[in-house]
Amino acid sequence: EAQVTQNPRYLITVTGKKLTVTCSQNMNHEYMSWYRQDPGLGLRQIYYSMNVEVTDKGDVPEGYKVSRKEKRNFPLILESPSPNQTSLYFCASREGGTQYFGPGTRLLVL
Amino acid sequence: AQSVSQHNHHVILSEAASLELGCNYSYGGTVNLFWYVQYPGQHLQLLLKYFSGDPLVKGIKGFEAEFIKSKFSFNLRKPSVQWSDTAEYFCAVKSSASKIIFGSGTRLSIRP
Numbered sequence: 001e002a003q004v005t006q007n008p009r010y011l012i013t014v015t016g017k018k019l020t021v022t023c024s025q026n027m028n029h030e031y032m033s034w035y036r037q038d039p040g041l042g043l044r045q046i047y048y049s050m051n052v053e054v055t056d057k058g059d060v061p062e063g064y065k066v067s068r069k070e071k072r073n074f075p076l077i078l079e080s081p082s083p084n085q086t087s088l089y090f091c092a093s094r095e096g097g098t099q100y101f102g103p104g105t106r107l108l109v110l
Numbered sequence: 001a002q003s004v005s006q007h008n009h010h011v012i013l014s015e016a017a018s019l020e021l022g023c024n025y026s027y028g029g030t031v032n033l034f035w036y037v038q039y040p041g042q043h044l045q046l047l048l049k050y051f052s053g054d055p056l057v058k059g060i061k062g063f064e065a066e067f068i069k070s071k072f073s074f075n076l077r078k079p080s081v082q083w084s085d086t087a088e089y090f091c092a093v094k095s096s097a098s099k100i101i102f103g104s105g106t107r108l109s110i111r112p
């Protein structure tokens with residue numbers, strides 16, 4: 001089944017404790033991206049990757065890092081999480097203009 | 001800067017009522033347009049998309065949208081809503097190779 005998976009689905013952490021949210025897709029898509037969803041703000045793009053080893057900043061990249069060492073994986077790294085990064089995070093992969101979203105990761109930073 | 005506006009933040013309708021959700025974008029060039037739906041507790045799913053051709057696009061679950069280039073609009077419609085349409089709806093616009101910009105979303109509540 002074609003899908004985008006994310007782990008973990010739920011995470012509670014404390015300020016400053018590094019964390020990684022994994023994202024994997026099995027559709028051989030070149031383009032992948034990360035979004036955060038906050039009430040009243042819709043989805044905002046954090047980072048995107050057009051192919052292996054090619055990443056670029058989206059609209060809200062501060063406080064995040066990404067890597068793209070393999071086509072299928074696109075992890076999101078929070079080196080020193082802060083409470084304002086409490087949000088719902090979605091990974092997506094894209095073919096042409098159509099995006100396929102993962103199930104989301106709900107993050108709470110205390 | 002490119003932007004997508006969804007002016008209705010929360011819409012409440014009774015079952016069988018007709019629905020129209022507004023979406024306006026600001027970009028003068030060629031665009032691809034999308035509507036996504038997010039059911040409670042779930043991820044975003046594509047409802048319909050417009051790339052080119054007939055500006056009236058039909059999607060899943062009886063939804064349709066009309067692209068009006070002169071008005072920079074891509075409104076979502078459904079003639080008769082059901083309780084199961086309760087969800088949040090997002091309009092999105094792609095205007096370059098890398099950027100898809102989402103609106104802030106419209107929450108739709110259907111009274112049974």
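In order, the protein sequences belong to chains A and B.
Just so we're aligned, residue 1 is where the first sequence starts under this note's numbering, counting upward by one.
Just so we're aligned, residue 1 is where the second sequence starts under this note's numbering, counting upward by one.
Glycine residues also receive a C-beta, built at the ideal position from the N, C-alpha and C atoms.
With a threshold of 16 other beta carbon atoms within 10 Å, A/Leu110 falls short and is exposed.
Only buried fits B/Asp85, as 16 or more other CB atoms lie within 10 angstroms of its CB.
Under DSSP, B/Lys94 shares a beta bridge with B/Asn32, B/Ile100. If you check each beta-carbon in the stretch 26–42 of chain B against every beta-carbon of chain A, the ones closer than 7 Å belong to Asn32. Pairing B/Phe102 with A/Gly102 gives a Cβ-Cβ distance that is not under 8 Å.
Taking the CA atoms as reference points, A/Trp34 sits about 17 Å from B/Ser104.
Contact note: B/Ser84 does not reach chain A at a C-beta cutoff of 9 Å; the least C-beta distance is about 20 Å. For the stretch 50–77 of chain A, the residues whose beta carbon sits under 9 Å from a beta carbon of chain B are, in order, Met50, Asp56, Gly58, Asp59. The Cβ-Cβ distance between B/Phe63 and B/Leu47 falls below 8 Å. The beta carbons of B/Asn8 and A/Gly97 sit no closer together than 8 Å. Taken atom to atom, the span from the alpha-carbon of A/Gln37 to that of B/Lys61 is near 24 Å. The DSSP-derived three-state label of A/Lys71 is coil. Listed along chain A is no residue with a C-beta nearer than 8 Å to that of B/Leu48; the closest approach is about 11 Å. The three-state reading of DSSP puts A/Asp59 in coil, since its state is none of H, G, I, E or B. Sequence-distant Cβ neighbours of A/Pro83 in its own chain, meaning closer than 8 Å and more than five residues away, are Thr15, Val109, Leu110. A/Asn51 sits in a strand when the DSSP states are folded into three classes. Across the structure, B/Lys69 and A/Cys91 are spaced so that their CA atoms are roughly 30 Å apart. Contact of B/Leu44 with chain A is assigned, a C-beta pair being separated by under 8 Å.
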